[in-house]
Each structure stands twice: as C-alpha cells, then as structure tokens.
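In my numbering, the protein residues as written are 2 to 134.
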C-alpha cells in the first residue's frame with residue numbers, strides 16, 4: 002500500500018512535507034514508508050479529514066515497492082520501475098499523475114504495453130517538462 006499526498010487539497014492549501022505523529026509525508030507517492038509508519042498514520046486522528054479532502058489517498062502498490070524515490074541502488078530502481086505492473090490502468094494513472102521524475106515516467110512508458118496508460122504517461126511527461134505539473 003502506497004500513500005499519495007497532495008498538499009494542495011489540504012484546507013487551507015499547504016506546501017511541502019506534512020508530519021503526522023512525527024512521520025514525514027512528502028507530496029506525491031511516498032514509497033519509503035515502513036509498515037510501522039503506515040500504522041502510525043492510519044491511527045492519527047486527523048487522517049479521516051485528510052482523506053475526506055482528498056489530500057491523502059491510499060494507492061495499491063505493485064509488487065514489493067519499498068524503495069525511496071531518491072534511491073540510487075539498482076534494486077531500488079527496478080522496484081520503482083515495476084511499480085505499475087500489477088495495477089489496473091485507473092490505479093496506475095493515480096501514481097503517474099503525481100510523479101515528477103521524467104526518467105522514471107519515460108521508463109514506465111517504454112515498459113508498459115497498455116496504450117491508455119502510455120498516453121497518460123506521455124501527457125504527464127509533457128506537463129512536467131512544460132512546468133504545468
């Protein structure tokens with residue numbers, strides 16, 4: 002299970018990292034949360050409010066995705082590369098919609114066979130490159 006955080010949907014709108022009981026939640030998909038951190042977040046009294054606003058969503062993760070976004074090891078890169086493999090198009094699009102790493106997006110577009118998802122990925126790449134993301 003991956004946590005997707007959109008600070009623009011917090012009321013009032015926020016920017017940057019949010020902390021819930023000391024657990025940092027970064028904008029976009031949080032790949033690096035441990036099971037303990039996820040349980041801490043789920044137990045936080047404000048979680049329901051964040052979910053109601055749409056600021057926090059739980060996204061089904063593909064395979065064993067435990068890599069940090071900035072991870073440099075080959076195993077971590079492969080884990081992130083396979084993040085969309087076991088997801089439906091709708092679930093995968095939720096992850097694509099918040100990803101800012103153009104190299105990863107391009108790798109996903111080259112790897113995935115689903116035309117609808119490849120189109121969504123290519124659109125996201127354009128948004129990021131043009132500064133509309």
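All C-beta atoms, glycine included, are put in the ideal place defined by N, C-alpha and C. Note that this is a predicted model, so its numbers are computed, not measured.
Put simply, the backbone Cα of residue 112 is about 19 Å away from that of residue 61.
Counting the other CB atoms within 10 Å of its CB gives residue 125 a total of 16 or more, which places it among the buried residues.
In this chain, residue 32 is not harboured by any alpha helix (DSSP H), its DSSP state being neither H nor E. In this structure, the beta-carbon distance from residue 85 to residue 109 falls below 9 Å.
A distance below 9 Å separates the beta carbons of residue 28 and residue 7.
In this structure, residue 54 sits near residue 10, with a CB-CB distance shorter than 9 Å. For residue 22, the CB contacts under 6 Å within the same chain, skipping 5 residues up- and downstream, are 41, 45 in chain order. Residue environment for residue 3: buried (at least 16 other C-beta atoms within 10 angstroms of its C-beta).
Here the C-alpha atom of residue 19 lies approximately 15 Å from the C-alpha atom of residue 49.
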